[in-house]
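Once you know that position 81 of the sequence shown is 81 in full-length UniProt numbering, the rest is easy, because the numbers rise by one and skip nothing.
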Amino acid sequence: MRLLHTKDITLREFSDADHAPPYAILSHVWREQEVLFTHMQNPEEAQKRLGFSKVLKCCEKARAAGYDWVWIDTCCIDKASSAELSEAINSMFAWYKKARVCYAYLDNVAPGGLPPRGDFEHSRWFTRGWTLQELIAPAQVMFLAQDWSEIGTRGELVESIEHVTRVDRSVLLGRPVQLASRR
Numbered sequence: 001m002r003l004l005h006t007k008d009i010t011l012r013e014f015s016d017a018d019h020a021p022p023y024a025i026l027s028h029v030w031r032e033q034e035v036l037f038t039h040m041q042n043p044e045e046a047q048k049r050l051g052f053s054k055v056l057k058c059c060e061k062a063r064a065a066g067y068d069w070v071w072i073d074t075c076c077i078d079k080a081s082s083a084e085l086s087e088a089i090n091s092m093f094a095w096y097k098k099a100r101v102c103y104a105y106l107d108n109v110a111p112g113g114l115p116p117r118g119d120f121e122h123s124r125w126f127t128r129g130w131t132l133q134e135l136i137a138p139a140q141v142m143f144l145a146q147d148w149s150e151i152g153t154r155g156e157l158v159e160s161i162e163h164v165t166r167v168d169r170s171v172l173l174g175r176p177v178q179l180a181s182r183r
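Here's what the structure looks like:
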């Protein structure tokens with residue numbers, strides 16, 4: 001597992017999430033010119049990418065909350081290595097679960113975009129398949145608007161999230177799922 005240091009914006013490798021320091025994790029929808037692992041090898045190149053501001057803002061947010069480390073899929077996974085990519089895909093749920101907080105960045109939601117007057121429920125983030133595990137695995141999820149202001153936590157927004165995702169609030173709130181059988 002590779003993490004990004006929130007102060008000097010450098011990557012460091014850890015044997016696995018169990019041996020990693022406390023970290024925040026980013027859930028987002030990919031856009032053009034994301035900062036990839038290969039770009040992180042050359043800081044000048046990384047800074048030229050449109051997605052670099054997302055990396056910086058995520059690091060700022062995490063640092064302000066007291067985290068020295070953050071995981072961002074675009075730049076923490078070497079996608080040129082099929083073995084690393086496969087391991088990352090298989091480990092992702094566990095990585096989100098072990099994160100102290102997940103920042104769900106909704107880049108198409110304006111500040112104050114809460115229901116019923118806003119566009120929170122219409123965010124592209126809710127249409128992506130990957131975001132389901134990113135929504136339910138972490139103990140804490142904080143939704144952020146396009147300016148990185150806080151929209152609210154998963155618990156505070158559970159009614160809207162349940163409405164848009166059709167995921168039962170007991171799952172969203174991390175309560176044990178009751179399995180019933182009618183055999």
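All C-beta atoms in this analysis are idealised placements derived from N, C-alpha and C, irrespective of residue type, glycine included.
As the structure is a computational prediction, the values presented were derived from the model and not from experiment.
Distance, D73 Cα to H39 Cα: In this structure, the straight-line span from the alpha carbon of H39 to that of D73 is close to 13 Å.
Residue nearest to W148 in terms of C-alpha spacing, selected from A65, Y96, W30 and D107: D107
Environment of R154 [buried if 16+ CB atoms lie within 10 Å]: buried
Endpoints, alpha helix (DSSP H) assigned at W95: S82 to K98
Residues bridged to S27 [DSSP beta-bridge criterion]: A104
Bridge partner(s) assigned by DSSP for W71: I25
The alpha helix (DSSP H) enclosing E162, as first and last residue numbers: V158 to T165
Environment of M30 [buried if 16+ CB atoms lie within 10 Å]: According to the sequence as given, residue 30 is Trp; it is not Met. Result: exposed.
Any 3 or more C-beta pairs closer than 8 Å across the segment 120-129 and the segment 65-85: no
Given Q33 as reference, the closest of S27, A20 and Q47 once Cα atoms are compared: Q47
Check whether F93 and Q140 have beta carbons under 8 Å apart: no
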